[in-house]
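One line per chain: the protein sequences are A and B, in this order. So for the first sequence, this note's numbering puts the first residue at 6; every next one is plus one. So for the second sequence, this note's numbering puts the first residue at 706; every next one is plus one. To keep things clear, I will list the structure first and then write my remarks on it.
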Amino acid sequence: AQSVSQHNHHVILSEAASLELGCNYSYGGTVNLFWYVQYPGQHLQLLLKYFSGDPLVKGIKGFEAEFIKSKFSFNLRKPSVQWSDTAEYFCAVLTGGGNKLTFGTGTQLKVEL
Amino acid sequence: NAGVTQTPKFQVLKTGQSMTLQCAQDMNHEYMSWYRQDPGMGLRLIHYSVGAGITDQGEVPNGYNVSRSTTEDFPLRLLSAAPSQTSVYFCASSSITGRSMKNTEAFFGQGTRLTVV
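Right under this line is the structure:
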């Protein structure tokens, strides 16, 4: 079965530190990849997405992610985090013939002042 | 734009009670789905629909029923609630091409926090 792995479950950073959250998936076909963010008490919002083309995609709020096909990875990065980035981050892969979105277990990010 | 609207936001049920979680979208999206979110488990797909009259099971369908009589609405029914169904439920919608969500994104509702005692 297809799966999505997020290896960092909890991350604590100081403001201005750099962020990289790992995401690996197990799916051999053409993929659509996503990162969603969930701020405390809120619903999921799309940070960025990869469908095709340039493997380095830029999203909102200064986030970017790089699709590395050979590593089945789609890691999320941000050069300098802010306190307001405190949230839970989910990687997701479109699977099941294109009609099932499979999520990772999430990474809880806490940014300290 | 309203987007995806879920009601209620909070609900407490007793074991064995039934209820329906409502989901409506105003984006004319063919695809709608229900997820449950549990700590440490991410979001898991319960049921989904690729259009009116068409539904299918996701990863964790047991204990839940769905129907899709209109494009806009996709209610989730709990026929006999169990404590294991305590969770946060999210509805999502997206456009599709054929029956595929490829090259589209999912839009999520605000969630329903359900507690079964």
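Glycine included, each C-beta is placed from N, C-alpha and C at the ideal position.
On the three-state DSSP scale, how would you describe residue i?
i, result
"SER792(B)", "strand"
"GLY8(A)", "The displayed chain sequence assigns Ser, not Gly, to residue 8(A). Strand at SER8(A)."
"LYS115(A)", "strand"
"GLY756(B)", "strand"
"GLY67(A)", "helix"
"SER738(B)", "strand"
"PHE731(B)", "First, the residue type needs correcting, since residue 731(B) is Asp and not Phe in the sequence shown. Three-state result, ASP731(B): coil."
"ASP90(A)", "helix"
"LYS54(A)", "strand"
"LYS76(A)", "helix"
"THR809(B)", "coil"
"HIS48(A)", "coil"
"VAL821(B)", "strand"
"ASN767(B)", "coil"
"THR110(A)", "coil"
"THR100(A)", "strand"
"THR712(B)", "strand"
"VAL761(B)", "Val is not the amino acid found at residue 761(B); the sequence shown has Asp there. If DSSP states are grouped into helix, strand and coil, ASP761(B) belongs with the strands."
"LYS719(B)", "coil"
Can you list, in chain order, the residues of its chain whose CB lies under 7 Å from that of residue i, leaving out five sequence neighbours each side?
i, result
"SER31(A)", "GLN7, SER8, PHE77"
"ASN80(A)", "GLU25, LEU26, GLY27, CYS28, ALA70, GLU71"
"TYR15(A)", "Correcting the residue identity first, residue 15(A) is His in this sequence and not Tyr. Here the set comprises GLN113."
"PHE715(B)", "ARG818"
"TRP88(A)", "GLU20, VAL116, LEU118"
"ALA707(B)", "ASP731"
"HIS734(B)", "SER798, SER799, SER800"
Per the DSSP calculation, residue i is bridged to which residue(s)?
i, result
"MET724(B)", "LEU783(B)"
"PHE82(A)", "Checking the displayed sequence, the identity of residue 82(A) turns out to be Arg instead of Phe. DSSP, once it has assigned bridges, lists GLU25(A), GLU69(A) as partnering ARG82(A)."
"GLN815(B)", "None; GLN815(B) has no bridge partner."
"THR775(B)", "None; THR775(B) has no bridge partner."
"PRO750(B)", "What sits at residue 750(B) in the sequence shown is Leu, not Pro. For LEU750(B), which the question treats as bridged, DSSP gives the partners TYR740(B)."
"ALA707(B)", "BP columns for ALA707(B) are empty, so no partner."
"ILE801(B)", "Per DSSP, none; premise fails for ILE801(B)."
"HIS15(A)", "GLN113(A)"
"TYR32(A)", "Paired residues: none, contrary to the question."
Of all Cβ atoms in chain C, is any one closer than 8 Å to the Cβ of residue i?
i, result
"THR110(A)", "Going by chain labels, chain C is absent from the structure shown, which instead holds the protein chains A and B."
Just confirm the distance between the C-beta atoms of residue i and residue j, as a whole number of angstroms; I'd bet it's less than 8 Å.
i, j, result
"SER792(B)", "PRO780(B)", "With a Cβ gap of about 17 Å, SER792(B) and PRO780(B) do not count as contacting."
"THR110(A)", "MET746(B)", "6 Å"
"LYS54(A)", "VAL62(A)", "7 Å"
"TYR736(B)", "TYR753(B)", "7 Å"
"CYS728(B)", "VAL755(B)", "The Cβ separation is near 15 Å, so there is no contact."
"ALA757(B)", "SER774(B)", "7 Å"
Within a Cβ cutoff of 6 Å, which residues of the same chain sit near residue i, ignoring the five residues on either side of it in sequence?
i, result
"SER785(B)", "GLY721"
"VAL36(A)", "VAL98"
"SER23(A)", "PRO84"
"VAL765(B)", "ARG749, ILE751"
"GLY64(A)", "LEU52, LEU53"
"THR776(B)", "ALA757"
"VAL717(B)", "THR820"
Excluding five sequence neighbours on each side, which residues of the same chain lie with their C-beta closer than 8 Å to the C-beta of residue i?
i, result
"LEU67(A)", "According to the sequence as given, residue 67(A) is Gly; it is not Leu. Excluding residues within five positions, the ones whose Cβ falls inside 8 Å are LYS83, PRO84, SER85."
"ASN13(A)", "LEU26, GLY27, THR112"
"THR725(B)", "PRO780, LEU781, ARG782, LEU783"
"LYS719(B)", "ALA786, VAL821, VAL822"
"LEU106(A)", "PHE39, ALA97, VAL98, LEU99, THR100"
"PRO788(B)", "THR720, VAL821, VAL822"
"HIS48(A)", "none"
Would the beta-carbon of residue i be found less than 7 Å away from any heavy atom of the ligand MN?
i, result
"LYS83(A)", "What this structure holds is no ligand at all, so the ligand MN is not there to describe."
ask   = Listed in chain order, which residues of the stretch 789 to 816 of chain B have Cβ atoms closer than 9 Å to some Cβ of chain A?
value = Listed in sequence order: PHE795, ALA797, SER799, ILE801, THR802, GLY803, ARG804, SER805, MET806, LYS807, ASN808, THR809, GLU810, ALA811, PHE812, PHE813, GLY814, GLN815, GLY816.
The stretch 746 to 776 of chain B: positions lying closer than 9 Å to chain A by Cβ = Residues MET746, GLY747, LEU748, ARG749, LEU750, TYR753, VAL755, ASP761, GLY763, GLU764.
request  = Identify each residue in the stretch 22 to 38 of chain A for which the Cβ-Cβ distance to at least one residue of chain B is less than 9 Å, and report them in chain order.
outcome  = Legend: CB atoms of the stretch 22 to 38 of chain A lying less than 9 Å from CB atoms of chain B belong to residues THR35, ASN37.
key: chain B contacts from the stretch 49 to 74 of chain A (Cβ-Cβ distance under 9 Å)   = Those would be LEU49, GLN50, LEU51, LYS54, PHE56, SER57, in chain order.
query = Any residues in the stretch 81 to 92 of chain A with a beta carbon nearer than 9 Å to a beta carbon of chain B? Which ones, in chain order?
reply = Correct list: empty, as no residue qualifies.
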